[in-house]
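Chains A, B, C and D supply the protein sequences, listed in that same order.
Heads up: the first sequence at position 211 corresponds to 237 in our numbering, and the numbers run straight through without jumps.
Heads up: the second sequence at position 113 corresponds to 139 in our numbering, and the numbers run straight through without jumps.
Heads up: the third sequence at position 75 corresponds to 101 in our numbering, and the numbers run straight through without jumps.
Heads up: the fourth sequence at position 206 corresponds to 232 in our numbering, and the numbers run straight through without jumps.
See below for the structure under consideration.
There are 4 protein chains.
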Amino acid sequence: MAIGRETVENLLKLAKPRWKTSITKVEPNRIITRGYPQEDLIGNISFSEMVYLLIKGEIPHENHAKMLESVLVSFCDHGITPPSTQVARIMASTGAPMNTCVSGGLASFGKHHAGALEGSMCLLQKLMKDYVDSNGSPSSSNDLKSLALHTVEQCLEKGKKIPGFGHRFHDKDPRPGKLVKTAKKYDCFGVHTELAVYIENLLLEIKGIRMNIDGANAGILSDMGFDWRFGTGIFMIGRVPALISHIHEEKTVETPFRKFVEFDDIYYTD
Amino acid sequence: MAIGRETVENLLKLAKPRWKTSITKVEPNRIITRGYPQEDLIGNISFSEMVYLLIKGEIPHENHAKMLESVLVSFCDHGITPPSTQVARIMASTGAPMNTCVSGGLASFGKHHAGALEGSMCLLQKLMKDYVDSNGSPSSSNDLKSLALHTVEQCLEKGKKIPGFGHRFHDKDPRPGKLVKTAKKYDCFGVHTELAVYIENLLLEIKGIRMNIDGANAGILSDMGFDWRFGTGIFMIGRVPALISHIHEEKTVETPFRKFVEFDDIYYTD
Amino acid sequence: MAIGRETVENLLKLAKPRWKTSITKVEPNRIITRGYPQEDLIGNISFSEMVYLLIKGEIPHENHAKMLESVLVSFCDHGITPPSTQVARIMASTGAPMNTCVSGGLASFGKHHAGALEGSMCLLQKLMKDYVDSNGSPSSSNDLKSLALHTVEQCLEKGKKIPGFGHRFHDKDPRPGKLVKTAKKYDCFGVHTELAVYIENLLLEIKGIRMNIDGANAGILSDMGFDWRFGTGIFMIGRVPALISHIHEEKTVETPFRKFVEFDDIYYTD
Amino acid sequence: MAIGRETVENLLKLAKPRWKTSITKVEPNRIITRGYPQEDLIGNISFSEMVYLLIKGEIPHENHAKMLESVLVSFCDHGITPPSTQVARIMASTGAPMNTCVSGGLASFGKHHAGALEGSMCLLQKLMKDYVDSNGSPSSSNDLKSLALHTVEQCLEKGKKIPGFGHRFHDKDPRPGKLVKTAKKYDCFGVHTELAVYIENLLLEIKGIRMNIDGANAGILSDMGFDWRFGTGIFMIGRVPALISHIHEEKTVETPFRKFVEFDDIYYTD
Chain A
27 MAIGRETVEN
37 LLKLAKPRWK
47 TSITKVEPNR
57 IITRGYPQED
67 LIGNISFSEM
77 VYLLIKGEIP
87 HENHAKMLES
97 VLVSFCDHGI
107 TPPSTQVARI
117 MASTGAPMNT
127 CVSGGLASFG
137 KHHAGALEGS
147 MCLLQKLMKD
157 YVDSNGSPSS
167 SNDLKSLALH
177 TVEQCLEKGK
187 KIPGFGHRFH
197 DKDPRPGKLV
207 KTAKKYDCFG
217 VHTELAVYIE
227 NLLLEIKGIR
237 MNIDGANAGI
247 LSDMGFDWRF
257 GTGIFMIGRV
267 PALISHIHEE
277 KTVETPFRKF
287 VEFDDIYYTD
Chain B
27 MAIGRETVEN
37 LLKLAKPRWK
47 TSITKVEPNR
57 IITRGYPQED
67 LIGNISFSEM
77 VYLLIKGEIP
87 HENHAKMLES
97 VLVSFCDHGI
107 TPPSTQVARI
117 MASTGAPMNT
127 CVSGGLASFG
137 KHHAGALEGS
147 MCLLQKLMKD
157 YVDSNGSPSS
167 SNDLKSLALH
177 TVEQCLEKGK
187 KIPGFGHRFH
197 DKDPRPGKLV
207 KTAKKYDCFG
217 VHTELAVYIE
227 NLLLEIKGIR
237 MNIDGANAGI
247 LSDMGFDWRF
257 GTGIFMIGRV
267 PALISHIHEE
277 KTVETPFRKF
287 VEFDDIYYTD
Chain C
27 MAIGRETVEN
37 LLKLAKPRWK
47 TSITKVEPNR
57 IITRGYPQED
67 LIGNISFSEM
77 VYLLIKGEIP
87 HENHAKMLES
97 VLVSFCDHGI
107 TPPSTQVARI
117 MASTGAPMNT
127 CVSGGLASFG
137 KHHAGALEGS
147 MCLLQKLMKD
157 YVDSNGSPSS
167 SNDLKSLALH
177 TVEQCLEKGK
187 KIPGFGHRFH
197 DKDPRPGKLV
207 KTAKKYDCFG
217 VHTELAVYIE
227 NLLLEIKGIR
237 MNIDGANAGI
247 LSDMGFDWRF
257 GTGIFMIGRV
267 PALISHIHEE
277 KTVETPFRKF
287 VEFDDIYYTD
Chain D
27 MAIGRETVEN
37 LLKLAKPRWK
47 TSITKVEPNR
57 IITRGYPQED
67 LIGNISFSEM
77 VYLLIKGEIP
87 HENHAKMLES
97 VLVSFCDHGI
107 TPPSTQVARI
117 MASTGAPMNT
127 CVSGGLASFG
137 KHHAGALEGS
147 MCLLQKLMKD
157 YVDSNGSPSS
167 SNDLKSLALH
177 TVEQCLEKGK
187 KIPGFGHRFH
197 DKDPRPGKLV
207 KTAKKYDCFG
217 VHTELAVYIE
227 NLLLEIKGIR
237 MNIDGANAGI
247 LSDMGFDWRF
257 GTGIFMIGRV
267 PALISHIHEE
277 KTVETPFRKF
287 VEFDDIYYTD
């Protein structure tokens, strides 16, 4: 029996869909994100709840929403010092459009810049996972203290830096203390953050190094169940507004195409 | 009298600073954004308040904070259909890092994609400014209705599209209605949004075209006092979380380096 | 009669091919670019012939190949002074991969940077086209001299810069003279370049401003028949090798994540 | 004795130059690349000689220049199939500017795409270096054959792919044969390429897999003394012209903002 064209078309399409997604379903006049019509989300959930919904697939408990909001706020800006901000502003000065400049700023995160959050999350999550696999959950703070000691000793021995500790501009980064306090307030202070605090105690005693913003947020986000692979993503969500503000400032306050480098800033080698 | 080296250094530096900024002041152990120490902002202001503070230089009234939050939520995602999302996922499939893929997604906003918000804000702000310059503030809705009629007639005559109206996937975009309702709730429904609504009424009658998300947000953001040049920036803040979610989905659910194009998807011309 | 599945599939595909191209046909074990099997091009044509073939669809006469080669060589590098090179190197310093850094350098070309070639090509091509449309081809150098005079007068009157003339680092850019000489040698000196030379003569007399590299190449590429929309593209082909060299130098000679901005490079405003 | 301001300024500058480079020295009216005034290079050296000069710091012998030219030509284009080309064209369709689209194409090279050249160069260079360190230079082809056998056995054992062999669209890539032949003609066929050929012989016999363009160029570029870290850079130099051609084709032949994805291309999962 002959089959109709439409039947065949549908069969072919079902058999070989080019794209699949669980994030948002788009139909004429309907946009459903993670199961919720967007018109029901607008005005009803906060931006941090939206971020959580998109990344984890569900609307968070209130404490988690408040904590994520604080994490995002903490990443807001570090002035002119980050290379990513310099890149965004140099691009702005050439007259590149706003989106291109933000894009350039984000592309500037290399392994030495903005990678510490993921590095620290990865370390803490791996340490806890290995610990739990071999010992069951930590039954006391002493377990975490031993784990911290072992970790610090190993890194010192190998001359390796521990990501999330030390800052090239601050001896005492003013943000992690407030973050840890906020985590306690919102019941998001768990074993990962506790471990990070013990590591800080040891590093402070031995080398005079303190936890930085990445170390604090690495612990907190891990305790909230975020996979370390989202670290740079979450950092970017927090940092994009400042990039936009810097780009606008460069475009409106400074002379277009100003010279960032003068002849006598350059030294020639052979 | 001889002058000391330090004095000269300082003089030279003051005379010729390479960078200047009013956004964030960074000193050892102190990070002050728009006048506020960051440790006082973390845990105390919402993310949308932070966005407002960075862009406009002050913490907003509660209604404005809630409205901006709703605007950001409304831009969250449109599934696989936007070219920017396709670009971000294709890049994710090649194994490019998260930040590169987000960067690629944002770079994909060209004049035909994601420009309608700025276009619509620019139009509404220009219309109102010209109106106010020649007539003083609109004294009644009738003034705005006339302005809307004049605008629509002119555009129809020239065969020009009005940015912020019509959608290539939806006859009736489900988001603008909720946004306008929310604007009324938070006292952010002003002359720009009212003008947009009158334009919609006319376009709906004449051409069966409705306001889209960009038209609604253009009116609202204009009524909140945002310069149109921030349009794409605000859109990007709202959209980045979805890009991150799509990139993660592509990296974890799909086969790496999958074929987005098959031999028989291609037709050769001379 | 029933139709077979394969027939239907083929019909559907032919009816709705997603992509079409005339550049390169790819079949199993065959890659045909602009009609030539690639294995016949490798070892037989020069890189500039390949560029010409890709862009214009045919292999050029020898003179055009040599001239294009000279144009590409002339765009090679301008040291540390271009913002695009600074961006590429700052990104290299963060540890971003080579391709990301080149990408960032190219994204840095905004309307004030690297746009002069297209601007100059566009101007010269428009001037000649308008002239030819109204007068037929220029019958003598006097015609071109008048056109140059008219152009310069109009720009001076409006206070507009003429793209392709003047340089922010050089009074007398050393490259255009050699380019014009080379164009004469390879029989690529036509009306566009002649017009550019007349404009230079006038600007030099009136304002002490000379032709720069973009003005010379704009004339020459226009005389070779390149549409002005390829200007930035051709410039990028010439510049990419230097970006790669700078990125490698940054990565191998400098300390990773070096500070491009020190505390006292920054001045805070309110 | 008092020191003059100028003296101090110069001392300070010499003591702390912000940038240093050996590539191009720029002074008013003089641009010296790798020791050569650019006006002496224009019209006198080929583009591949310029690439070599920028990367390796000297003008190559004629054979090397011809060989590098052939390598660059071989990377020209692979039609619509590479994700980087799809990204560049999707971005072109949104109306993004030419340089942004090229930038997006290049940013799309992730670890699964366009990394095989560097991977293959790295492998061949490491194999030869280890061999030479322990055995002195290979004294006969038999030495290289043993090294190839050892390498293939190890990879097969670990189930690892050898970069530079096998192609997802071609059983027999038409380019490597011509490249190897050209390398012999220009005296650039050395131990690295010979080793690659032996590896191919073994893989063909055991698994029916042949050398691809990256394997051939990896051997040849290694024999020409290019550090493997330049692999992706050299590939990009060769590929940029095609990206420009594709972007122009998309912008001029296709409808702006065409739909690359239709509703029924998408399948929704939970």
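For each residue, glycine too, the CB sits at the ideal point set by N, CA and C.
The structure displayed is predicted, hence computed values, not measured ones.
Using only alpha-carbon positions, find the residue among the options that is nearest to residue i.
i        : options                                : result
A:Asn89  : A:Lys82, A:Ser74, A:Gly83, A:Lys204    : A:Ser74
A:Val158 : A:Leu173, A:Ser146, A:Gly145, A:Glu144 : A:Leu173
B:Val223 : B:Tyr212, B:Thr177, B:Ser160           : B:Thr177
A:Asp103 : A:Asp213, A:Asn161, A:Leu80, A:Gly131  : A:Gly131
B:Ser248 : B:Glu179, B:Arg115, B:Ser146           : B:Ser146
B:Ser165 : B:Ala209, B:Gly216, B:Thr208           : B:Gly216
Give me the Cα-Cα distance between residue i and residue j, rounded to the nearest whole angstrom.
i        : j        : result
D:His138 : D:Arg236 : 19 Å
C:Gly69  : A:Arg44  : 39 Å
B:Ala142 : B:Gly190 : 6 Å
D:Ala41  : A:Ile292 : Below a pLDDT of 50, predicted positions are generally treated as unreliable, and D:Ala41, at 47, falls in that range; no measurement from the model is reported.
B:Asp197 : B:Gly241 : 14 Å
A:Leu175 : A:Asn55  : 57 Å
D:Ala140 : B:Pro109 : 23 Å
A:Glu280 : B:Leu153 : 28 Å
C:Ser298 : C:Pro202 : Since the first residue of chain C shown is 27 and the last is 296, residue 298 of chain C is not available in this structure.
D:Asn125 : A:Phe261 : 28 Å
B:Phe283 : B:Ala122 : 10 Å
A:Lys277 : B:Phe256 : 12 Å
B:Asp296 : D:Val97  : 26 Å
B:His218 : B:Gln151 : 7 Å
Just checking my contact of residue i with residue j at CB under 8 Å: how many whole Å lie between their CB atoms?
i        : j        : result
C:Asp199 : C:Asn238 : 5 Å
C:Trp254 : C:Cys148 : 4 Å
B:Thr47  : B:Glu144 : With 8 Å as the limit, B:Thr47 and B:Glu144 do not qualify as a contact, their Cβ atoms being about 24 Å apart.
A:Ile49  : B:Ser271 : 5 Å
C:Met76  : D:Pro267 : 7 Å
D:Ile116 : B:Ser134 : 7 Å
Residue i versus chain D: which residues are under 7 Å apart at the beta carbon?
i        : result
C:Phe195 : Val52, Pro54
Output yes if chain B places a C-beta closer than 7 Å to the C-beta of residue i; else output no.
i        : result
A:Thr126 : yes
D:Phe283 : yes
D:Ile57  : no
Strictly under 7 Å for the Cβ-Cβ distance: is residue i near chain C by that measure?
i       : result
B:Lys46 : yes
Taking Cβ-Cβ distances shorter than 8 Å, what residues in chain C pair up with residue i?
i        : result
B:Ile292 : Pro43, Arg44, Trp45, Lys46, Thr47, Val52
A:Val287 : Ile106, Thr107, Gln112
How about residue i: is its C-beta nearer than 7 Å to some C-beta of chain D?
i        : result
B:Gly257 : no
Residues of chain A with CB under 8 Å from residue i, in chain order?
i        : result
D:Ala133 : Ala133
B:Ser271 : Ile49, Leu80, Ile81
Measure from the C-beta of residue i to each C-beta in chain A and report whether the shortest distance is under 7 Å.
i        : result
D:Thr295 : yes
B:Met250 : no
C:Ile235 : no
Please list the partners that residue i has in chain A, where partner means a Cβ-to-Cβ separation under 9 Å.
i        : result
B:Gly203 : Glu65
If the cut is a Cβ gap below 7 Å, which residues of chain A does residue i touch?
i       : result
B:Leu98 : Phe73
Interface residues of chain B around residue i at Cβ under 7 Å?
i        : result
D:Ser2   : No statement about residue 2 of chain D is possible, as the shown extent of chain D runs from 27 to 296 and does not include it.
D:Lys137 : Gly121
Starting from the beta carbon of residue i, find every residue of chain C whose beta carbon is closer than 7 Å, and list them in chain order.
i        : result
D:Lys198 : Asn55
Taking Cβ-Cβ distances shorter than 8 Å, what residues in chain D pair up with residue i?
i       : result
C:Val77 : Pro267
Could you name the residues of chain C that residue i contacts, counting a contact when the two beta carbons are closer than 9 Å?
i        : result
D:Cys274 : The question names Cys, yet the displayed sequence has His at residue 274 of chain D. Chain C residues near D:His274: Ile81, Asp253, Arg255, Phe256, Gly259.
Could you list which residues in chain B have their beta carbon closer than 8 Å to that of residue i, in chain order?
i        : result
D:Ser129 : Ala133
- Item | Members of the segment 216 to 229 of chain D that neighbour chain F once the beta carbon cut-off is set at 8 Å | In the structure shown, chain F does not exist; the protein chains are A, B, C and D.
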